[in-house]
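Peer 1:
Chains as they are written, first to last, in the numbering used here: chain R, 46 to 660; chain Z, 3 to 76.
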């Protein structure tokens with residue numbers, strides 16, 4: 046291994062593989078543009094998908110372009126404890142599944158800032174919009190920049206060229222198909238990046254002759270699930286847990302617009318719960334192995350005297366050592382997949398926030414859905430261009446701007462997470478307190494980045510770990526400061542009335558369900574019914590359907606209940622489906638839908654479908 | 003056994019149990035988590051099972067696998 050990181054490691058066949066991958070993903074994404082006819086389709090994929098499909102696409106979103114490099118780096122340096130970041134998400138699941146999801150789903154909240162307006166009023170919405178947009182666009186930039194850097198070291202492309210090619214590819218299919226294209230391409234990319242990451246690990250184990258031999262080569266310090274509680278300061282269990290397990294995961298489930306939109310694209314809250322379980326218990330551990338495995342194998346190769354590498358190059362060097370030409374191209378494709386599947390979600394999320402929180406309320410409130418869809422597509426392009434602008438700045442002023450970005454992303458989540466938590470769990474939490482928490486909390490976080498202030502503010506909370514731990518322990522500081530601001534201001538200001546908070550705070554989830562359905566909720570357990578579709582032009586409303594009494598009995602449904610009609614082929618994952626309301630039962634053994642509903646569902650008359658009660 | 007390796011488990015799963023407890027408590031209080039229904043019971047079982055499964059995993063990689071002697075397949 047004489048190559049350096051600045052030399053191209055791959056062969057011409059790897060070029061072919063990665064080029065084919067780019068073209069394939071773009072064409073695959075564009076194919077699904079036929080399913081996008083409204084802003085609901087563009088932002089939420091028509092709210093029709095099954096849990097397994099969203100779980101895979103969600104994991105592709107979680108794994109960013111930097112993940113392979115970053116987690117293989119810490120995997121090489123510290124061993125299996127690199128998995129900490131992916132294995133500490135479960136603790137947030139009950140809050141997500143039983144409190145937050147029912148509120149946003151049943152309240153038909155389209156963006157996180159919109160929740161802030163309904164719960165606290167317009168000033169908080171404006172503050173939340175500024176924070177979320179800054180966060181998302183800067184994050185698009187850093188993803189493009191990271192991939193540009195990887196492609197530069199591997200293929201010799203200039204950073205801007207790599208970033209621009211990727212941005213163009215992603216933007217083409219996001220503009221064409223919106224959330225549906227994002228979900229379907231992320232599904233494919235999620236599979237690719239898991240297969241490649243785990244494949245590198247298995248290839249390494251096979252190279253050593255078995256798991257026992259591989260395990261024996263790792264230093265003992267590399268075999269633990271956690272690093273020590275307070276050492277090393279740059280990777281202590283306490284620091285990682287505060288920064289990643291508490292704040293970042295909290296932000297991911299409570300305020301990440303991209304993930305919120307993914308949850309809202311599911312056909313029901315029950316599917317959202319299943320998706321969350323599959324995502325956290327199955328796919329996140331696999332992602333932890335996929336992204337860290339290259340570092341573990343690299344370390345074993347290093348200990349065995351077979352590979353010279355730095356920790357930062359561990360994944361690439363290990364993959365290059367183990368893979369034949371052509372196969373290495375798939376490794377590059379996995380890195381690209383990790384970037385594209387994160388960037389497409391972020392671009393779509395920026396578009397949603399721009400349309401729902403700026404254009405609709407402040408610029409053109411009377412625009413039709415068709416006009417809004419056009420704005421959504423244009424704002425996707427603008428989001429990608431601004432993201433590329435950030436790359437340009439990162440290239441010119443790497444150190445200061447990259448650090449500034451780190452400051453922005455590290456300081457944003459704490460005020461938002463605290464504001465959402467207090468807003469949901471504490472009815473007394475007032476609009477004024479929310480605004481102060483968001484704005485004052487962000488200012489307090491920014492002040493903590495001034496070196497002399499960091500010692501004063503974060504030093505006492507670093508448990509003796511010193512300045513190297515401030516990056517992590519800033520999360521604890523943020524929690525304390527934002528929490529204190531929120532509580533203090535609440536004590537001196539006026540809360541909203543209970544009637545104004547219906548469906549927006551915990552304890553009122555059933556009210557939210559009633560509002561969503563427009564009537565009393567039917568929670569009797571039922572089964573799916575299998576029926577054949579027929580057209581009925583006499584139905585008064587596209588949202589109405591007729592099913593026989595026997596089907597209503599099977600589903601334990603009543604007229605007026607919300608039903609979900611779906612192509613019987615499960616592997617479509619809900620792509621061909623529609624939500625309707627049960628009308629009075631009909632005499633024939635058919636499910637009758639209007640031509641409009643059939644067009645939305647992409648189902649033909651005479652086709653067999655499953656019908657299930659949603660609520 | 004180095005306690006420095008044990009305290010992270012105590013911290014993470016202690017705070018984690020608290021967070022899980024908040025979610026379950028408020029789910030029950032609001033009526034959204036209904037333990038009279040099969041779905042509600044399954045949901046609670048999954049939450050507790052997931053917690054214990056993750057705990058078991060980190061215990062394996064803290065108390066057993068690091069101490070497997072070289073050359074012996076775990």
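The beta carbon of each residue, even a glycine, is placed where N, CA and C say it ideally should be.
Using a Cβ cut-off of 9 Å, pull out every chain R residue sitting near residue 37 of chain Z, in sequence order please.
Peer 2: Numbered from its first residue, the second chain carries residue 37 of chain Z at position 35. Within chain R, no residue comes near residue 37 of chain Z; the closest Cβ sits about 12 Å away, beyond 9 Å.
Peer 1: Specify the secondary structure class of residue 547 of chain R as computed by DSSP and reduced to three states.
Peer 2: The count along the first chain starts at 1 and reaches residue 547 of chain R at position 502. Of the three classes helix, strand and coil, the one that applies to residue 547 of chain R here is coil, per DSSP.
Peer 1: How long is the line joining the alpha carbons of residue 647 of chain R and residue 93 of chain R, rounded to whole angstroms?
Peer 2: Here residue 647 of chain R refers to the residue found at position 602 when the first chain is read from its first residue. Here residue 93 of chain R refers to the residue found at position 48 when the first chain is read from its first residue. Taking the straight line from one Cα to the other gives about 12 Å.
Peer 1: Around the C-beta of residue 38 of chain Z, are 16 or more other C-beta atoms found within 10 angstroms, so that it is buried, or is it exposed?
Peer 2: Against the second chain, residue 38 of chain Z aligns to sequence position 36. The residue in question, residue 38 of chain Z, is exposed, as its Cβ has fewer than 16 Cβ neighbours within 10 Å.
Peer 1: Examine the Cβ distances between the stretch 124–131 of chain R and the stretch 263–273 of chain R and report whether three or more of them are shorter than 8 Å.
Peer 2: A contact exists between the stretch 124–131 of chain R and the stretch 263–273 of chain R.
Peer 1: Looking only at its chain, what residues have a beta carbon closer than 6 Å to the beta carbon of residue 196 of chain R, apart from the 5 residues adjacent to it on each side?
Peer 2: Within the first chain, the letter at position 151 stands for residue 196 of chain R. Answer for residue 196 of chain R: 202 and 207, listed in chain order.
Peer 1: Taking C-alpha atoms, which residue in R:351, R:428 and R:573 lies nearest to residue 252 of chain R?
Peer 2: In the first chain, the residue the question calls residue 252 of chain R occupies position 207. Answer by Cα proximity: R:351.
Peer 1: With 9 Å as the threshold, decide whether the Cβ of residue 6 of chain Z is near any Cβ in chain R.
Peer 2: Within the second chain, the letter at position 4 stands for residue 6 of chain Z. Output row for residue 6 of chain Z: interface = yes.
Peer 1: Does the beta carbon of residue 43 of chain Z come closer than 9 Å to any beta carbon on chain R?
Peer 2: Indexing the second chain from 1 puts residue 43 of chain Z at position 41. No, residue 43 of chain Z does not count as interfacial toward chain R.
Peer 1: Closer than 9 Å, Cβ to any Cβ of chain Z: which residues of the stretch 322–342 of chain R, in chain order?
Peer 2: The residues in question are 322, 325, 326 and 330.
Peer 1: If you drop the 5 nearest sequence neighbours on each side, which residues of the same chain put their C-beta closer than 7 Å to that of residue 286 of chain R?
Peer 2: Position 241 of the first chain, counted from the start, is the residue given in the question as residue 286 of chain R. Closer than 7 Å at the Cβ level, and outside the excluded window around residue 286 of chain R, lie 133.
Peer 1: Which residue comes first and which comes last in the beta strand (DSSP E) that contains residue 409 of chain R?
Peer 2: Stepping through the first chain from its first residue, residue 409 of chain R is reached at position 364. It is not in any beta strand (DSSP E) - residue 409 of chain R carries neither H nor E in the DSSP assignment.
Peer 1: Going by beta carbon distance, what residues of the same chain come within less than 8 Å of residue 615 of chain R, once the five residues before and after it are set aside?
Peer 2: As a first step, residue 615 of chain R must be located in the first chain, where it is residue number 570. Correct list, in chain order: 95.
Peer 1: For the candidate residues R:587, R:405 and R:241, whose alpha-carbon lies nearest to that of residue 339 of chain R?
Peer 2: For the purposes of this step, residue 339 of chain R is taken as residue 294 along the first chain, with counting starting at 1. The option with the nearest alpha carbon to residue 339 of chain R is R:241.
Peer 1: Find the residues of chain Z that neighbour residue 305 of chain R, judging by a C-beta separation of less than 7 Å, and give them in chain order.
Peer 2: Here residue 305 of chain R corresponds to residue number 260 of the first chain, with the count starting at 1. Correct list: empty, because the minimum Cβ distance to chain Z is about 17 Å.
Peer 1: So, does the CB of residue 55 of chain Z fall closer than 9 Å to a CB anywhere in chain R?
Peer 2: Within the second chain, the letter at position 53 stands for residue 55 of chain Z. So, interface residue.
Peer 1: With a threshold of 9 Å between beta carbons, is residue 19 of chain Z in contact with chain R?
Peer 2: Numbered from 1 along the second chain, position 17 holds the residue referred to as residue 19 of chain Z. Chain R contact via Cβ: present.
Peer 1: What three-state label does DSSP hand residue 577 of chain R in the structure shown?
Peer 2: On the first chain, position 532 is the one that residue 577 of chain R refers to. Residue 577 of chain R: strand per DSSP, three-state reduction.
Peer 1: Can you check DSSP and say which residues form a bridge with residue 631 of chain R?
Peer 2: Residue 631 of chain R sits at position 586 when you count from the first residue of the first chain. Partner(s): R:593.
Peer 1: Can you list, in chain order, the residues of its chain with a C-beta nearer than 6 Å to that of residue 537 of chain R? Leave out the 5 residues immediately preceding and following it.
Peer 2: Position 492 of the first chain, counting from 1, holds the residue named residue 537 of chain R. Answer for residue 537 of chain R: no residue qualifies.
Peer 1: Could you please give the first and the last residue of the uninterrupted alpha helix (DSSP H) stretch that includes residue 479 of chain R?
Peer 2: As a working note, residue 479 of chain R is residue 434 in the first chain. Note, residue 479 of chain R: alpha helix (DSSP H), 476–492.
Peer 1: Determine the extent of the beta strand (DSSP E) in which residue 655 of chain R is found, giving its start and end residues.
Peer 2: Working through the first chain from its first residue, we reach residue 655 of chain R at position 610. Here the beta strand (DSSP E) through residue 655 of chain R covers 653–658.
Peer 1: So who's on the other strand from residue 624 of chain R, going by DSSP bridges?
Peer 2: In the first chain, residue 624 of chain R corresponds to position 579, counting from 1. Answer is R:609.
Peer 1: Under 8 Å: do the stretch 158–165 of chain R and the stretch 313–331 of chain R share three or more Cβ pairs, one atom per stretch?
Peer 2: As far as the Cβ criterion goes, the stretch 158–165 of chain R does not touch the stretch 313–331 of chain R, which means the pair count is below three.
Peer 1: List, in order along the chain, the chain Z residues whose C-beta lies closer than 9 Å to that of residue 278 of chain R?
Peer 2: For this step, residue 278 of chain R is matched to residue 233 along the first chain. Per Cβ cutoff of 9 Å: no residues; residue 278 of chain R is ~14 Å from chain Z at best.
Peer 1: Which parts of the stretch 73–119 of chain R are runs of the beta strand (DSSP E), unbroken and 3 residues or longer, counting only runs that do not cross its ends?
Peer 2: Runs found: none.
Peer 1: Closest Cβ-Cβ distance between residue 49 of chain R and chain Z: below 9 Å?
Peer 2: Taking the first chain and counting its residues from 1, one reaches residue 49 of chain R at position 4. Interpretation of residue 49 of chain R is limited by its pLDDT of 42, a score under 50 that renders its predicted location unreliable; no figure is taken from the coordinates.
Peer 1: Roughly how many whole angstroms lie between the Cα atoms of residue 177 of chain R and residue 516 of chain R?
Peer 2: Along the first chain, one-based indexing puts residue 177 of chain R at 132. Along the first chain, one-based indexing puts residue 516 of chain R at 471. Near 21 Å, if we compare the C-alpha coordinates of residue 516 of chain R and residue 177 of chain R.
Peer 1: Could you check the C-alpha separation between residue 414 of chain R and residue 138 of chain R for me, to the nearest Å?
Peer 2: Numbered from 1 along the first chain, position 369 holds the residue referred to as residue 414 of chain R. Numbered from 1 along the first chain, position 93 holds the residue referred to as residue 138 of chain R. Cα to Cα, the separation comes out at about 34 Å.
Peer 1: Under three-state DSSP, which class holds residue 638 of chain R?
Peer 2: For the purposes of this step, residue 638 of chain R is taken as residue 593 along the first chain, with counting starting at 1. If DSSP states are grouped into helix, strand and coil, residue 638 of chain R belongs with the strands.
Peer 1: Could you work out which residues of chain Z lie near residue 269 of chain R, taking near to mean beta carbons separated by less than 8 Å?
Peer 2: In the first chain, residue 269 of chain R corresponds to position 224, counting from 1. The contacting residues are 7, 63, 64 and 68.
Peer 1: To the nearest angstrom, how far is it from the Cα of residue 51 of chain R to the Cα of residue 490 of chain R?
Peer 2: Taking the first chain and counting its residues from 1, one reaches residue 51 of chain R at position 6. Taking the first chain and counting its residues from 1, one reaches residue 490 of chain R at position 445. With a pLDDT of 44 at residue 51 of chain R, under the threshold of 50, the predicted position of this residue should be treated as unreliable, though the coordinate-derived value follows. Spanning the two alpha carbons is a distance of roughly 37 Å.
Peer 1: Can you give me the start and stop residues for the alpha helix (DSSP H) that residue 336 of chain R sits inside?
Peer 2: Within the first chain, residue 336 of chain R is the residue found at index 291, counting from 1. 329–348 is the span of the alpha helix (DSSP H), which, as asked, contains residue 336 of chain R.
Peer 1: Helix, strand or coil for residue 199 of chain R? Go by DSSP, reduced to three states.
Peer 2: Position 154 of the first chain, counted from the start, is the residue given in the question as residue 199 of chain R. Helix.
Peer 1: Return the CA-CA distance between residue 179 of chain R and residue 116 of chain R, expressed in angstroms with no decimal places.
Peer 2: Taking the first chain and counting its residues from 1, the one referred to as residue 179 of chain R is at position 134. Taking the first chain and counting its residues from 1, the one referred to as residue 116 of chain R is at position 71. Using only the alpha carbons, I get a separation of about 26 Å.
Peer 1: Could you tell me which of R:419, R:112 and R:148 sits nearest to residue 466 of chain R, measuring between CA atoms?
Peer 2: Along the first chain, read from residue 1 onward, the residue named residue 466 of chain R stands at position 421. The shortest C-alpha separation from residue 466 of chain R is found at R:148.
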